[in-house]
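Going by the working numbering, the sequence shown runs without a break in its numbering and finishes at 457.
Every residue gets a Cβ at the ideal spot worked out from N, C-alpha and C, and that includes glycine.
Computed from a predicted model, the values in this text were never measured in an experiment.
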Amino acid sequence: MDEARSGVQRRRRRRSAGQDGEGRSTALVVRGQDVETPSYAEPASRGPLGESWRAWTALAVGVLAVSAQSALAYGMSPLLKSITEELSWSRSEYAAAMNFRLLLIVAMVPVVGRLVDRLGARVVLFSGAFAIGLGTLLMAQMSSLWGFWISGLLTGPGQAAVGTVASSALVLRLFRRRQGLAIGILNGGDNLITSGVHIGSAYLLVHAGWRGAFGGLAVGYLALAVLVLVALRSGEGGEESEPKERESSGASPIPWGEARFWLLIVVYVILYGYVTTIGLHFPAFQQDLGRTADVAAWIYGFSTMVGAGGSILAGWTSERIGSVATLRWVVLGLLASSIALWSSIGVGAYYVWAAGYGIVNAGAVALLALVVRDVFRGASFGRLMGVVYAFCMAATVAANTFASAIFDASRSYILVWQVYSVLLLLALVPLQMLVRRTRRVAEADAPLHRPGRTAS
2 MDEARSGVQR
12 RRRRRSAGQD
22 GEGRSTALVV
32 RGQDVETPSY
42 AEPASRGPLG
52 ESWRAWTALA
62 VGVLAVSAQS
72 ALAYGMSPLL
82 KSITEELSWS
92 RSEYAAAMNF
102 RLLLIVAMVP
112 VVGRLVDRLG
122 ARVVLFSGAF
132 AIGLGTLLMA
142 QMSSLWGFWI
152 SGLLTGPGQA
162 AVGTVASSAL
172 VLRLFRRRQG
182 LAIGILNGGD
192 NLITSGVHIG
202 SAYLLVHAGW
212 RGAFGGLAVG
222 YLALAVLVLV
232 ALRSGEGGEE
242 SEPKERESSG
252 ASPIPWGEAR
262 FWLLIVVYVI
272 LYGYVTTIGL
282 HFPAFQQDLG
292 RTADVAAWIY
302 GFSTMVGAGG
312 SILAGWTSER
322 IGSVATLRWV
332 VLGLLASSIA
342 LWSSIGVGAY
352 YVWAAGYGIV
362 NAGAVALLAL
372 VVRDVFRGAS
382 FGRLMGVVYA
392 FCMAATVAAN
402 TFASAIFDAS
412 RSYILVWQVY
422 SVLLLLALVP
432 LQMLVRRTRR
442 VAEADAPLHR
452 PGRTAS
């Protein structure tokens, strides 16, 4: 009995010192400080960079899953004209069905986060990939508009389940040391894969028609569902027992009353609004300047390719100076990119702009999971990430409406970029407040700091 009691006491001392059950540090750097965070991975054979092979396997599956979330939108883009012409739909009718699917994603993301915490990523990712596979099969057979809407009942929740929330939770809970780099690879791989989806979909359109293209997408999603079942274990990516005990005590896993939560929401709503506007309207902006559609597509596509490296760079940097501090540099980069769009420049200069924008755009997306982890290290990650991501997705809808309204009124995007420059400049204020509040909480909760590190 005395030996068992002393073992419990040793484990408690290790946790209080920021160590796991094997005496390894579980500290993370947040704005130059050590912050205690739970370690979720089980001891296993070591692979590259000291991480388990289970973790690297989960990362590979996660890259495919995150790519699958955005691949449907990228894959459908080349099919729009053929679908609407063959089925005699207006663009507005097509867009209404697409917006319905997007709203379902926004509504389902918080539910997905909760399911990830309870059931693990395997069940959630499989369900999402399988639902999209069935939905795209329905789209391959549709002959009326109501069939398109019905398919959205499957593809919308499926995209919410197969995307960022579940994959980020899976990676963060299996990687022990290089979480920042892993999240960077997760999002960078997404950039590389989705940059080729548009080309693949266009190829299938030419050789098999739009119905054949949807059939090809369906096969890909169903194959992903099988891969998830084979490669992942039951419960991986789920929440540990301690947060569940907190939930049973009646404490909310979402810090609705904390200023840090709303400061984070404000910052990321602005960031997602801007990057969404660039993604949807930059090609049209270039064509308004007299460039052809293919030149505009190549410029934006170049930024997507560069973004693969930007995601990894952001993750690597967050391991050294902290995710919140890295985010501040990313916001400054996005601010500079918006100002550069105020006046027309040459094609070569736009490629330079695309390289810089690609790095900071991808960095902002990759840092979301890391900032949520570091700012709210004691919260249930899946549920919190789901709620935060729902705000981000809602911002994309609002941003598209906002940019379209300004263009319709002024017949120019210059005012859009100028408004975003002001908003990005203002975003530095809540971001600095978030840095200070996070530092203050970290000092109170984690008094034991790494030797030689001080808060700056």
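State buried or exposed for residue i, treating a residue as buried only when at least 16 other CB atoms are found within 10 Å of its CB.
i    : result
V107 : buried
Q433 : exposed
S422 : buried
D375 : buried
E87  : exposed
L290 : exposed
R441 : exposed
A69  : buried
P158 : buried
E237 : buried
G48  : exposed
S324 : buried
I200 : exposed
Q180 : buried
R123 : buried
D295 : exposed
Among all the DSSP beta bridges, which residues are the ones paired with residue i?
i   : result
F47 : What sits at residue 47 in the sequence shown is Arg, not Phe. In the DSSP output, where bridge partners are listed per residue, R47 has S53.
CB-CB under 8 angstroms to residue i, same chain, minus the five flanking residues each way: which ones, in chain order?
i    : result
L333 : L429
R438 : A260, R261 and L264
L193 : M306 and A309
L424 : I271, G274 and Y275
Can the beta-carbon of residue i be found less than 7 angstroms from the beta-carbon of residue j?
i    : j    : result
Y269 : F283 : no
Y95  : T85  : yes
L336 : L426 : yes
V465 : A66  : The question about residue 465 has no answer, for the chain in this structure spans 2 to 457.
V231 : V166 : no
R178 : G51  : yes
G383 : A132 : no
W147 : A98  : no
M386 : V398 : no
I313 : I186 : yes
V198 : A72  : yes
I255 : A370 : no
L182 : W317 : yes
F286 : A355 : no
F101 : G136 : no
L138 : A219 : yes
A404 : V417 : yes
CB-CB under 6 angstroms to residue i, same chain, minus the five flanking residues each way: which ones, in chain order?
i    : result
A364 : Here residue 364 is Gly; the residue named in the question, Ala, does not match the sequence. G311, A315 and V331, listed in sequence order.
N401 : L281
D409 : none
A161 : I106, M109, V110 and V113
L116 : V125
G129 : G159, A162 and V163
P431 : L264, V267 and V268
E320 : G181
G121 : G236, E237, G238 and G239
So, at 7 angstroms on beta carbons, what are the nonlocal neighbours of residue i in its own chain, with the 5 sequence-adjacent residues on each side left out?
i    : result
F127 : A226, V229 and L230
R92  : T85
A203 : P79
G213 : L205
V62  : L228, V229, A232 and L233
Residue i CB to nearest chain D CB: under 7 angstroms?
i    : result
Q142 : Considering every chain present, this structure includes no chain D. It has just one protein chain.
Self-check item: Whole alpha helix (DSSP H) elements within the segment 58 to 95, 4-residue minimum
Solution: 81 to 88
Practice problem: Please go through the segment 346 to 395 and give each complete alpha helix (DSSP H) segment of 4 or more residues, from N-terminal end onward. | Solution: 348 to 376
Quiz item: Residue ranges of each beta strand (DSSP E) run of no fewer than 3 residues wholly in the segment 148 to 213, ordered along the chain?
Solution: none
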